[in-house]
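Those letters in the sequence shown? Residues 19 to 271, per the numbering used here, in order.
Data first, discussion second: the structure below is written as structure tokens.
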Amino acid sequence: MNFHAIKAIYRFEMARTFRTLGESILSPVLSTSLYFVVFGAAIGSRMGDIDGVSYGAFIIPGLIMLSLLSESISNASFGIYMPKWAGTIYELLSAPVSAMEVVVGYVGAAATKSLILGLLILATARVFVPYEIAHPFWMLCFLLLTALSFSLFGFIIGLWADDFQKLQVIPLMVVTPLTFLGGAFYSINMLPPVWQKITLFNPVVYLISGFRWSFYGVSDVNVGISAAAIVGFLLLCLGTVAWIFHTGWKLKQ
Numbered sequence: 019m020n021f022h023a024i025k026a027i028y029r030f031e032m033a034r035t036f037r038t039l040g041e042s043i044l045s046p047v048l049s050t051s052l053y054f055v056v057f058g059a060a061i062g063s064r065m066g067d068i069d070g071v072s073y074g075a076f077i078i079p080g081l082i083m084l085s086l087l088s089e090s091i092s093n094a095s096f097g098i099y100m101p102k103w104a105g106t107i108y109e110l111l112s113a114p115v116s117a118m119e120v121v122v123g124y125v126g127a128a129a130t131k132s133l134i135l136g137l138l139i140l141a142t143a144r145v146f147v148p149y150e151i152a153h154p155f156w157m158l159c160f161l162l163l164t165a166l167s168f169s170l171f172g173f174i175i176g177l178w179a180d181d182f183q184k185l186q187v188i189p190l191m192v193v194t195p196l197t198f199l200g201g202a203f204y205s206i207n208m209l210p211p212v213w214q215k216i217t218l219f220n221p222v223v224y225l226i227s228g229f230r231w232s233f234y235g236v237s238d239v240n241v242g243i244s245a246a247a248i249v250g251f252l253l254l255c256l257g258t259v260a261w262i263f264h265t266g267w268k269l270k271q
């Protein structure tokens, strides 16, 4: 494996992040902080506990997951789309760099950015809401698996998109609504029985539920199912990326 190529791609992508620090890191952290102020401090103080957890603390995993999903997709899709748009993708294709090395470089950088953002939001939450992490190891595992999976998903979107509008279609019209309806701000046990069953078809429910379990030991669905869901999505994305590079789809355009 050409580690010099991976390092070059990774460093380039990380340098781009730090050149746009305000947009890449500070803006999502400040936006999420507003949720903590409004829902955690203001509204949360007037609401009761959910599953024995204060409302302000209960929404922390959901808000982190909301930012993690959107930023992982955005970072990875924009990172691979820009070389296509600028025409520099041909330099990458003609270089002695394998498909695996391209994926590791771009997806690794996108996942790293998302992890940094998730940890910053977690630290920021402490300013507004007290919380405890019951299973720190599993919290980091869920954080890492989610960042990797959705960075791969974003990489696929970047390969598929042929204009800037398509980069935003799936994150804005699919992922964000599913996250809001996936228990980010409530427990699905609070819904009527029929809607509880319907909500279980939302894959984001399993991500948020498993992540929340790592904080407070409570979850809407079995934590084993949550772990299996995120691992399954990761494998699906890996298989899709492998098929794309095998066929050369969208890279020769």
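Beta carbons are placed, not taken as given, at the ideal position from N, Cα and C, and that holds for glycine.
| query | result |
| --- | --- |
| Look up Ile68 in the DSSP assignment and say whether it is helix, strand or coil. | strand |
| Report the three-state DSSP secondary structure of Tyr73 (helix, strand or coil). | helix |
| Let me know if Arg230 comes out buried or exposed under the rule of 16 or more other beta-carbons within 10 Å of its beta-carbon. | buried |
| Under 8 Å, with one C-beta from each stretch per pair, do the region 184 to 195 and the region 139 to 154 reach the 3-pair mark? | no |
| Which class does Glu150 belong to by DSSP, given the choice of helix, strand or coil? | coil |
| When burial is assigned at 16 or more other CB atoms within 10 Å of the CB, is Pro79 buried or exposed? | buried |
| Should the region 68 to 88 be regarded as contacting the region 219 to 233, the criterion being three or more beta carbon pairs within less than 8 Å? | yes |
| Ser167 by DSSP, collapsed to three states: which one? | helix |
| Using a Cβ-Cβ cut-off of 8 Å (strictly less than) and excluding sequence neighbours within five positions of Tyr204, which residues of its own chain qualify? | Ile68 |
| Would you identify the three-state DSSP class for Met208, choosing helix, strand or coil? | helix |
| Write down the C-beta distance between Tyr224 and Ile243 rounded to the nearest angstrom, noting that I regard them as a contact closer than 8 Å. | 6 Å |
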